[in-house]
Amino acid sequence: MSAQPMTDISAFWTESLADELLRFLTGRLKCPDIAAELTHDTYLGLRQIAEKTPPDNARAMAFRIAINLTIDHQRKTMVRDRYGADEDIDALVDTLPGNAAPPEQVLIGQQRLAALQHALGELPQACRTVFLLHGVDGLTYTQIAERLGISKSQVNKLLAQAMAHCARQLAD
Numbered sequence: 020m021s022a023q024p025m026t027d028i029s030a031f032w033t034e035s036l037a038d039e040l041l042r043f044l045t046g047r048l049k050c051p052d053i054a055a056e057l058t059h060d061t062y063l064g065l066r067q068i069a070e071k072t073p074p075d076n077a078r079a080m081a082f083r084i085a086i087n088l089t090i091d092h093q094r095k096t097m098v099r100d101r102y103g104a105d106e107d108i109d110a111l112v113d114t115l116p117g118n119a120a121p122p123e124q125v126l127i128g129q130q131r132l133a134a135l136q137h138a139l140g141e142l143p144q145a146c147r148t149v150f151l152l153h154g155v156d157g158l159t160y161t162q163i164a165e166r167l168g169i170s171k172s173q174v175n176k177l178l179a180q181a182m183a184h185c186a187r188q189l190a191d
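Below, the structure is given as structure tokens:
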């Protein structure tokens, strides 16, 4: 069994480097809590690298790790914000804090979501597409019209039809 070289991380990680990274990440993310988490993750990443091969420039390596972690965090946030509605309801319920809605309200919410999904499934393809492009993707009538090759008034009619259908289905 060969022994791996153990590197003293204190040779690479200093309090001033941690403070500098924290200020940098806070400025970039505008959230001190997330910046603190990513600073800690940077420490862990640098430690892992330093144990295998000590870096020539630990400061540069730490900032590269921090930037990569920031980019990953921002991408995940964008995906969550954009597609959060597609998450599994059961997974969301498990992440709710202790003061979450009572089970009856959760069940009602699940039933309403299922009814909305069913109502969307009943719509003609064009109505459903317009509804999702506007409501989920946030496109304007003009953008939808250009994307689908139809007029803005047709987008308006299809969206009104989709909304009316969903409202009727959810009212039942």
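In the working numbering, the protein residues as written are 20 to 191.
Even glycine gets a Cβ: it sits at the ideal position worked out from N, Cα and C.
* To do: Please classify residue 50: does DSSP put it in a helix, a strand, or coil?
  => Three-state DSSP puts residue 50 in coil, outside helix and strand.
* **Given residue 152 as reference, the closest of 136, 187, 172 and 178 once Cα atoms are compared** => Among 136, 187, 172 and 178, the Cα nearest to that of residue 152 belongs to 178.
* Asked: Quick one: what does DSSP say residue 76 is sitting in, helix, strand or coil?
  -> Secondary structure at residue 76: coil, using DSSP grouped into helix, strand and coil.
* Asked: Can the beta-carbon of residue 32 be found less than 9 Å from the beta-carbon of residue 81?
  -> Contact flag set, yes.
* **Three-state secondary structure assigned by DSSP to residue 142** => The DSSP-derived three-state label of residue 142 is coil.
* With a 10 Å radius around its C-beta and 16 neighbouring C-beta atoms as the bar for buried, classify residue 135 as buried or exposed. => Exposed is the call here.
* Buried or exposed: residue 163, going by 16 or more other Cβ atoms within 10 Å of its Cβ? -> Buried, by the Cβ-count rule.
* Asked: Since residue 174 is in the alpha helix (DSSP H), which residue starts that stretch and which ends it?
  -> Residue 174 -> alpha helix (DSSP H) spans 171-190.
* Extent of the continuous alpha helix (DSSP H) run through residue 33 -> First-last for residue 33: undefined, no H or E at that position.
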